[in-house]
Amino acid sequence: IVSKKKKKIFYKLPLVLHHGLSMFSILLSLISGEGQIYILMVLFSECTTPLVNLRWYLDLAGQKGSKLYMVNGIAMFLSWL
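Numbering (our numbering), first residue to last: 7 to 87.
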């Protein structure tokens, strides 16, 4: 049995590592002058996260047939091109 406290810590550790390594990579790219195009590609892909989250919430709320769901889907598609 996993306690609630341990579960929260386990969930937060990968998140902290992900963001820490991301910030380190961006800083290293700025200092070295190398790899900016890759950093830009990653940051653009991160811009789609709110759209993915909205799609999930709309699905959870039973709004798959709504206009907002359709517009959000089109925006997600266009942002990934």
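Glycine included, C-beta positions come from ideal geometry on N, C-alpha and C.
Fair warning: this is a prediction, and the values are worked out from it, not measured in the lab.
Original post:
Which residues mark the beginning and the end of the alpha helix (DSSP H) in which Ser42 is found?
Top reply: Taking the first residue of the sequence shown as 1, we reach residue 42 at position 36. A small fix is needed here, since residue 42 is Gln in this sequence, not Ser. Its alpha helix (DSSP H) spans residues 42 to 52.
Original post:
If you follow the alpha helix (DSSP H) that Leu64 is part of, which residue opens it and which one closes it?
Top reply: Residue mapping note: residue 64 aligns to position 58 of the sequence shown, counting from 1. Following the DSSP letters along the chain, one finds Leu64 inside the alpha helix (DSSP H) bounded by residues 55 to 66.
Original post:
How long is the line joining the alpha carbons of Leu27 and Glu40, rounded to whole angstroms?
Top reply: Within the sequence shown, the letter at position 21 stands for residue 27. Within the sequence shown, the letter at position 34 stands for residue 40. One C-alpha to the other measures close to 16 Å.
**OP:** For Gly71, name the three-state secondary structure that DSSP assigns.
**Re:** On the sequence shown, position 65 is the one that residue 71 refers to. Coil, per DSSP.
Original post:
Out of Leu19, Val77, His25, which has the shortest C-alpha to C-alpha gap to Glu52?
Top reply: One-based indexing of the sequence shown puts residue 52 at position 46. Taking the Cα of Glu52 as reference, the smallest distance to any Cα among Leu19, Val77, His25 is reached at His25.
Subject >> Nearest neighbour of Thr62, chosen from Leu23, Asn78, Pro20 [CA to CA] >> reply: As a position in the sequence shown, residue 62 is number 56, starting the count at 1. Before going on, a small fix: residue 62 reads as Trp here, not Thr. Looking at the Cα atoms, Asn78 is the closest of the given residues.
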